[in-house]
Structures are given as C-alpha cells and as structure tokens.
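**Student:** Sequence order for the protein chains is A and B. Numbering that gives the first Met the number 0 applies: residue 0 is where the first sequence begins, and numbers increase by one. Numbering that gives the first Met the number 0 applies: residue 0 is where the second sequence begins, and numbers increase by one. Glycine included, every Cβ here is placed at the ideal spot set by N, Cα and C. I'd like to ask you about the structure that follows.
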Amino acid sequence: MTETGKLKESASQTAGPYVHIGCVPSFAGLTGMYGGRDPGAEMVTAEARGARIVVEGRVLDGEGAPVRDALIEIWQADAQGLYHSPAETRGAADPGFTGWGRQPSDAKTGQFRFETLKPGQVPWAGGQMQAPHISVWIVARGINLGLSTRIYFSDEAEANATDPLLQQIGDPARVATMIADKTAQGYSIEIRLQGENETVFLDV
Amino acid sequence: MAKGKVQSGAFNPRDLARHPSPLTPSYRSSVLRAPAHARISFENSLSEITGPVFGQGLLGPADNDLTINYAQPGQSAIGERIIVHGRLLDEDARPVSSALLEFWQANAGGRYRHKNDGYVAPLDPNFGGCGRTVTAQDGSYSFRTIRPGPYPWPNGGNDWRPAHIHFSVFGDGFAQRLITQMYFQGDPHIQLCPIVQTIKDPDAIDQLTAQLDMDNTVPMDAIAYRFDIVLRGRRSTLFENRLEGN
Ligand SMILES: [Fe+3]
C-alpha cells in the first residue's frame with residue numbers, strides 16, 4: 000500500500016523490439032491497420048495559429064550509436080500555451096492542433112521527425128511562466144521504464160534563463176542537453192541515453 | 000465517473016522501487032541504454048497533468064479483435080482463442096475512462112509480424128498481432144485475441160519469453176504514460192525470464208499476471224483472462240471538487 004492510495008501502479012516493462020507493431024503498425028508494415036494512419040503521425044490537423052516547425056533529432060546510446068528502434072512521443076501546448084486536454088482548465092486549445100505526436104526513429108539512420116507548432120508558454124505550479132517547451136517520452140528495447148525529458152528552444156534564451164525547471168537543474172552543461180538548436184525548418188536535438196553529455200531525464 | 004468531471008491534480012510521486020531499475024545487466028539490451036544519472040523530480044505543472052484523450056470515435060469495428068482484424072474475410076487467426084478484459088484504475092481505485100489501450104503480441108507459434116523477427120516459427124497469414132481499444136466510463140475494457148506462444152530471444156544464453164501481450168496505456172495526464180506486459184497465470188517461464196525479473200517485487204510481477212476467469216469464458220468459443228491495470232493517482236482533485244460544488 001502506498002501512503003496516499005489504495006492500489007499500486009502497475010510495473011513498467013520494456014516496449015521491446017517490436018513496439019512498432021502495436022504503436023505504429025503502418026510503419027511496421029501492417030498495411031491498412033487503423034485506416035492506414037499511425038496514431039500521432041499528424042499533429043496539425045487543420046489550419047492552426049502559430050509557427051509551424053519541424054523538430055528532428057536522434058536518440059543515441061552509451062556508445063554514441065543511434066537507437067534505430069525507439070518510439071518517441073511528444074506532448075505540448077498550442078501556440079497560445081493551451082493544452083488540448085480535458086485537464087486544461089484555462090480555455091479551449093486550438094482545434095486544428097492535437098498537441099500529441101508519436102514517431103518511430105528511422106530504422107536506418109535513427110532520425111526522428113515531428114511536424115508541429117512552436118508551443119506558447121505554460122504556467123508552473125506556482126503560476127510563474129515556464130519557457131516554451133515540449134514534453135518527450137521515449138521507449139525502446141532495453142529501456143525498462145519510459146524516459147521523460149523536455150525539449151527547450153535555443154532562440155528562447157531569455158525565457159530559458161528564468162524557467163523554473165531549468166533553474167532547478169542549475170548546471171549549465173546539464174541544462175544544455177535539453178535545448179534544441181535552431182535549424183532552417185525548426186529545431187534539432189540529440190538525446191543521449193548514457194555517457195558524456197547524458198540528457199537530463201525527469202521523474203515527471 | 001460522471002461526464003464533465005475532470006481530474007486535474009498533480010500526480011503521486013512514482014514509486015520507482017516498484018519498477019525495474021534502468022540498468023539490469025541480465026537483460027543485456029539495457030546496458031548501453033540505461034541513463035547513469037538519477038531522474039530529476041520536480042513539481043508537476045500543466046505539462047505533466049494534462050494529456051491527450053482519445054474517444055471511442057477513434058476505433059474501427061475490429062480494432063479490439065485480433066482474431067479477425069488482419070484476417071482474410073471469413074477466416075481467423077490460428078491459436079487458442081482468448082478474451083482479455085479488466086479495468087484501468089488509478090492508485091485511488093478511481094476508474095480511468097476514455098483511455099487508449101494498445102496491444103501487440105506474437106502469434107500462436109511465438110513469431111511477430113516484424114522484419115526484425117527471424118524466429119523459425121511460421122507467420123500466420125491471418126494474424127497481424129496489433130489491436131487497440133478505449134476504456135469505458137467505469138474503466139473497463141475487453142478484447143479478443145489468440146494466446147501468443149513463448150519465443151526464444153538473443154540475450155546471450157538460452158532465454159525464452161513467457162507468453163505475453165505488450166500493453167501501451169494512456170491515462171488522463173501525460174505523466175501517467177506506461178508501457179507494460181501481461182503474462183499468463185501458471186506459465187513456468189515467468190520465473191526464468193530476465194525481462195520479467197527486472198522487476199524485483201514479486202507482488203508487482205503477480206500484478207502483471209492475468210488470471211484465468213472461467214466466469215467470463217464464452218462456452219465453445221474463447222477462454223477469458225482478467226487483467227487490471229493501475230496508473231498513478233493524483234494528490235489533489237481541486238477541479239473535480241469545484242465542479243461538484245457547482
Ligand atoms: Fe514480446
């Protein structure tokens with residue numbers, strides 16, 4: 000028994016090497032499943048406010064090799080800083096944007112790619128504004144409990160400097176692991192599971 | 000739970016002792032993929048409390064029947080026909096409704112329909128191995144499939160996975176996101192499997208082991224197994240209380 004609850008959370012188990020069958024079946028070659036559209040493939044579903052961006056990157060293992068069998072999910076606010084979720088109490092999010100994306104890393108290069116919107120700012124628990132960010136969740140063979148991190152943006156230096164989570168982390172070298180670089184189309188980030196410049200992972 | 004009631008409090012801290020450690024060398028794939036730093040805890044913000052919610056409208060008619068959802072018309076998958084059902088609850092035993100559950104599994108011979116699976120067991124042309132459903136208001140769910148076979152896997156020795164079904168689970172908040180596996184009561188491979196045994200708490204392994212449920216078996220058709228799933232609970236439900244006061 001936990002102190003606060005009556006039940007205990009079910010334990011995590013690795014997503015394994017065949018997670019694609021269940022989560023991105025078209026990518027896995029199960030043609031026609033779910034109408035041929037993998038869940039989370041499309042985040043901007045209609046005309047939506049804000050700047051369209053491409054967020055791309057790779058997940059790297061302890062030897063620096065790209066993880067080519069990962070599944071990456073992102074969750075973010077719309078351009079106004081509102082979440083498309085029943086638990087969003089501040090207003091209605093942009094109907095043209097789901098806020099949730101799911102992509103496999105490429106089986107050859109390990110590259111992942113999301114077409115999304117630049118998120119607006121969202122308040123912290125105390126009401127102070129956080130810097131714009133994207134929540135990230137990574138599962139793969141060899142990952143026993145899904146890894147949570149965030150993507151912040153290199154061209155938001157001012158907001159990043161006062162972000163409560165980044166301030167809590169403190170160490171500039173560790174903070175830097177969560178900040179995506181500007182590219183022509185959007186942003187790019189390398190997520191390091193282990194070793195030098197290991198990405199900061201969060202106990203969300 | 001009445002429609003319109005929204006859970007919006009911060010989540011209970013995760014009991015990491017219930018979950019496998021990141022680095023579990025007996026499960027070889029974890030060695031280069033386990034972060035060395037501890038996870039950083041912080042106060043939940045809306046980014047963690049909110050999450051995508053999926054309605055029943057997402058689903059196709061056969062999404063929750065793996066015996067037919069990849070089969071030729073009039074045919075069905077080979078294997079022991081089973082019904083897997085249960086409830087999705089949080090740690091306070093509240094039902095989690097409108098939650099997307101996705102499942103995937105090997106066929107009756109232990110072979111996945113995946114280009115990286117080279118096991119000699121044959122593919123079943125009528126079995127894809129993928130399905131999904133959305134939980135009802137009381138958190139209940141049910142799907143039909145065939146019992147998957149155990150299979151060998153390259154882990155440095157003679158390792159066999161117990162029969163299992165992989166589950167991907169959404170809650171109301173993105174911080175509840177969970178992937179786990181369901182095992183079958185009485186399977187001798189459970190105690191031998193390096194992946195199962197990454198979980199140190201025997202009670203947590205029992206919680207992932209579905210129980211034979213003769214009461215819900217459909218005679219001459221399918222055997223039922225009961226599998227409840229528990230997600231993190233919330234420390235406060237201020238918004239829910241406010242709605243109730245309206
Ligand atoms: Fe498996």
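Report all residues from its chain with a CB closer than 7 Å to the CB of residue 87/A; omit the five preceding and five following residues, and keep chain order.
**Tutor:** Along the first sequence, one-based indexing puts residue 87/A at 88. Around residue 87/A: 81.
**Student:** Helix, strand or coil, according to DSSP, for residue 174/A in the structure here?
**Tutor:** What you label residue 174/A is simply residue 175 of the first sequence in a count that begins at 1. Three-state result, residue 174/A: helix.
**Student:** Do the region 50 to 68 of chain A and the region 92 to 110 of chain A make contact, defined as three or more Cβ pairs closer than 8 Å?
**Tutor:** Taking 8 Å as the limit for Cβ pairs, the verdict is that the region 92 to 110 of chain A does touch the region 50 to 68 of chain A.
**Student:** Quick check on DSSP: helix, strand or coil for residue 33/A?
**Tutor:** For the purposes of this step, residue 33/A is taken as the residue at position 34 of the first sequence. Here residue 33/A sits in helix by DSSP.
**Student:** Quick one: does residue 50/B have its CB under 8 Å from some CB of chain A?
**Tutor:** Residue numbering aside, residue 50/B sits at position 51 when the second sequence is read from its first letter. Interface residue, yes.
**Student:** Should residue 140/A be flagged as near chain B, meaning a C-beta pair shorter than 8 Å?
**Tutor:** Position 141 of the first sequence, counted from the start, is the residue given in the question as residue 140/A. Yes - at least one Cβ of chain B is within 8 Å of the one on residue 140/A.
**Student:** Taking CB distances under 8 Å as the criterion, tell me whether residue 190/B reaches chain A.
**Tutor:** Taking the first residue of the second sequence as position 1, residue 190/B is located at position 191. No, residue 190/B does not count as interfacial toward chain A.
**Student:** Does DSSP classify residue 266/B as helix, strand or coil?
**Tutor:** Outside the shown range of chain B, which is 0 to 245, sits residue 266/B, and nothing can be said about it.
**Student:** Can you tell me where the alpha helix (DSSP H) with residue 20/A in it begins and where it stops?
**Tutor:** Within the first sequence, the letter at position 21 stands for residue 20/A. Counting along the chain, the alpha helix (DSSP H) containing residue 20/A begins and ends at 18 to 22.
**Student:** Could you give the DSSP three-state label for residue 61/A: helix, strand or coil?
**Tutor:** Here residue 61/A refers to the residue found at position 62 when the first sequence is read from its first residue. In this structure, residue 61/A counts as coil in the three-state DSSP scheme.
**Student:** Short of 9 Å Cβ to Cβ, which residues in the region 96 to 123 of chain A face chain B?
**Tutor:** Those would be 97, 98, 99, 106, 121, 122, 123, in chain order.
**Student:** Taking Cβ to Cβ, would you say residue 76/A is nearer than 8 Å to residue 118/A?
**Tutor:** In the first sequence, the residue the question calls residue 76/A occupies position 77. In the first sequence, the residue the question calls residue 118/A occupies position 119. Yes; because the gap between Cβ atoms is below 8 Å, this pair is in contact.
**Student:** Using 8 Å as the limit for Cβ to Cβ distance, is residue 142/B near chain A?
**Tutor:** By 1-based counting over the second sequence, the position of residue 142/B is 143. Not one chain A Cβ lies under 8 Å of residue 142/B.
**Student:** Kindly examine ligand 1 and report whether one of its heavy atoms sits closer than 7 Å to the Cβ of residue 15/A.
**Tutor:** Your numbering for residue 15/A matches position 16 in the first sequence. Checking the Cβ of residue 15/A against ligand 1 gives yes.
**Student:** Tell me residue 144/B's beta-bridge partners as DSSP assigns them.
**Tutor:** What you label residue 144/B is simply residue 145 of the second sequence in a count that begins at 1. The partner list for residue 144/B (beta bridge, DSSP) reads 81/B.
**Student:** Do residue 162/B and residue 183/B have their C-beta atoms within less than 8 Å of each other?
**Tutor:** Taking the second sequence and counting its residues from 1, one reaches residue 162/B at position 163. Taking the second sequence and counting its residues from 1, one reaches residue 183/B at position 184. Their beta carbons are under 8 Å apart, which means residue 162/B touches residue 183/B by this criterion.
**Student:** Nearest to residue 58/A by alpha carbon, out of 41/A, 111/A, 151/A, 40/A?
**Tutor:** If you number the first sequence from 1, residue 58/A lands on position 59. Nearest option by C-alpha distance: 111/A.
**Student:** Should residue 96/B be flagged as near chain A, meaning a C-beta pair shorter than 8 Å?
**Tutor:** As a working mapping, residue 96/B is identified with position 97 in the second sequence. Not an interface residue.
**Student:** Where residue 208/B and residue 157/B are concerned, what is the direct C-alpha to C-alpha distance, given to the nearest angstrom?
**Tutor:** Along the second sequence, read from residue 1 onward, the residue named residue 208/B stands at position 209. Along the second sequence, read from residue 1 onward, the residue named residue 157/B stands at position 158. Each residue's Cα considered, the two are about 23 Å apart.
**Student:** For residue 40/A and residue 180/B, I'd like the C-alpha separation in whole angstroms.
**Tutor:** Within the first sequence, the letter at position 41 stands for residue 40/A. Within the second sequence, the letter at position 181 stands for residue 180/B. Approximately 24 Å between the Cα atoms of the pair.
**Student:** Per the DSSP calculation, residue 84/A is bridged to which residue(s)?
**Tutor:** Mapped onto the first sequence, residue 84/A falls at position 85. Residue 84/A pairs with nothing; no bridge assigned.
**Student:** What are the start and end residues of each continuous beta strand (DSSP E) run of 3 or more residues lying completely inside the region 101 to 150 of chain B, in chain order?
**Tutor:** Runs found: 129 to 133, 139 to 145.
**Student:** Closest to residue 36/A by CA distance: which of 26/A, 121/A, 145/A is it?
**Tutor:** Counting from one through the first sequence, the residue named residue 36/A turns up at place 37. Of 26/A, 121/A, 145/A, the residue nearest in Cα terms is 26/A.
**Student:** Could you round the C-beta distance between residue 178/B and residue 166/B to whole angstroms and report it? I think they count as a contact, below 8 Å.
**Tutor:** Counting from 1 along the second sequence, the entry for residue 178/B is found at position 179. Counting from 1 along the second sequence, the entry for residue 166/B is found at position 167. The pair is a contact, with the Cβ atoms about 7 Å apart (cut-off 8 Å).
**Student:** So, at 8 Å on beta carbons, what are the nonlocal neighbours of residue 47/B in its own chain, with the 5 sequence-adjacent residues on each side left out?
**Tutor:** To locate residue 47/B, count along the second sequence from 1; it is residue 48. Around residue 47/B: 9, 10, 172, 173, 174.
**Student:** Alpha carbon to alpha carbon, how far is residue 74/A from residue 47/A? Give it in angstroms, no decimals.
**Tutor:** Here residue 47/A corresponds to residue number 48 of the first sequence, with the count starting at 1. Here residue 74/A corresponds to residue number 75 of the first sequence, with the count starting at 1. Going by the C-alpha atoms only, they are around 16 Å apart.
**Student:** Taking DSSP as the reference, what is the three-state secondary structure of residue 64/B?
**Tutor:** Translated into positions along the second sequence, residue 64/B becomes position 65. Of the three classes helix, strand and coil, the one that applies to residue 64/B here is strand, per DSSP.
**Student:** In whole angstroms, what separates the C-alpha of residue 76/B from that of residue 102/B?
**Tutor:** Here residue 76/B refers to the residue found at position 77 when the second sequence is read from its first residue. Here residue 102/B refers to the residue found at position 103 when the second sequence is read from its first residue. About 16 Å.
**Student:** Closest Cβ-Cβ distance between residue 197/A and chain B: below 8 Å?
**Tutor:** Along the first sequence, read from residue 1 onward, the residue named residue 197/A stands at position 198. With 8 Å as the cut-off, residue 197/A counts as an interface residue toward chain B.
**Student:** Distance cutoff 8 Å, beta carbons only. Does residue 79/A sit that close to anything in chain B?
**Tutor:** Within the first sequence, the letter at position 80 stands for residue 79/A. Closer than 8 Å: no.
**Student:** What is the DSSP secondary structure of residue 47/B, reduced to helix, strand or coil?
**Tutor:** The count along the second sequence starts at 1 and reaches residue 47/B at position 48. Looking at residue 47/B - three-state DSSP - the assignment turns out to be helix.
**Student:** Distance check for residue 8/A and residue 254/B, CA to CA, integer angstroms please.
**Tutor:** Outside the modelled stretch of chain B, which goes from 0 to 245, sits residue 254/B, for which no answer is possible.
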